[in-house]
Every structure is written in C-alpha cells, then in structure tokens.
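Here is the structure we will look at.
In the UniProt record's numbering, the protein residues as written are 1 to 113.
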C-alpha cells in the first residue's frame, strides 16, 4: 500500500504573491513570529477552517499579482517513494553526500587548541 504526505506551500505562495510576513500577520491579527512558524512548516499544520479562510482572504487582499488563491493552492499531495526506489536513491546519495562532523570530535579539536 502506498502512502503519502500533504506538503504545505504557504512560503511559496507568499513569495509568489510578494507578501511580507509582517503584513500578513497584521491582516490576520497575529504576531509576525506566528506567521514565520506557519511559513516554515513543510507538512500541513493543524489549523482551523476559519484560519484557512483568513489566510486565503489575507493573501488575496495583500497580493501584488492578479491571481486569487484557494485553500487547494496552499497544499500538495506528495506520494512517498516505494522502499526499493528509496533504497536506490539513498545509496547513490550516501557516497556523494558530505557528512557533518560529530560534536565530540569538534569538542576535542576545541580543547586541543
């Protein structure tokens, strides 16, 4: 059985419509930090239906382009890769990816200096 996730695209929508976080925050009556947290989410956050309506209204009101959005524009269904395909992809990437040093080796270098 295949499963997937729902990708949250608020950050992309705000960028395309040239909307600043502080402006949307003011429109919604929330803090800019709250908008920042919503923008940073990659998976669909738990928000009420009322907040969905407010987000759409705010984006449509503040938009710098003539393109209206709906809640469907803010999400995208992403089907997960099968386990075999994922294994092949990860094995290819693992040989070329740079790995970050662990913190214990960094401490030793700092103490030695």
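Just so it is clear, CB atoms sit at the ideal spot from N, CA and C, and this is done for glycine as well.
Values in this document were obtained by computation on a predicted structure and should not be read as measured data.
- Pairwise C-beta distances place the region 3-10 in contact with the region 39-49, as three or more of them are shorter than 8 angstroms.
- Look at residue 76 here: in three-state DSSP terms it is strand.
- According to the DSSP assignment, residue 13 belongs to the alpha helix (DSSP H) that extends over 10-16.
- Between the alpha carbons of residue 12 and residue 81 lies a distance of about 23 angstroms.
- Across the structure, residue 59 and residue 38 are spaced so that their CA atoms are roughly 14 angstroms apart.
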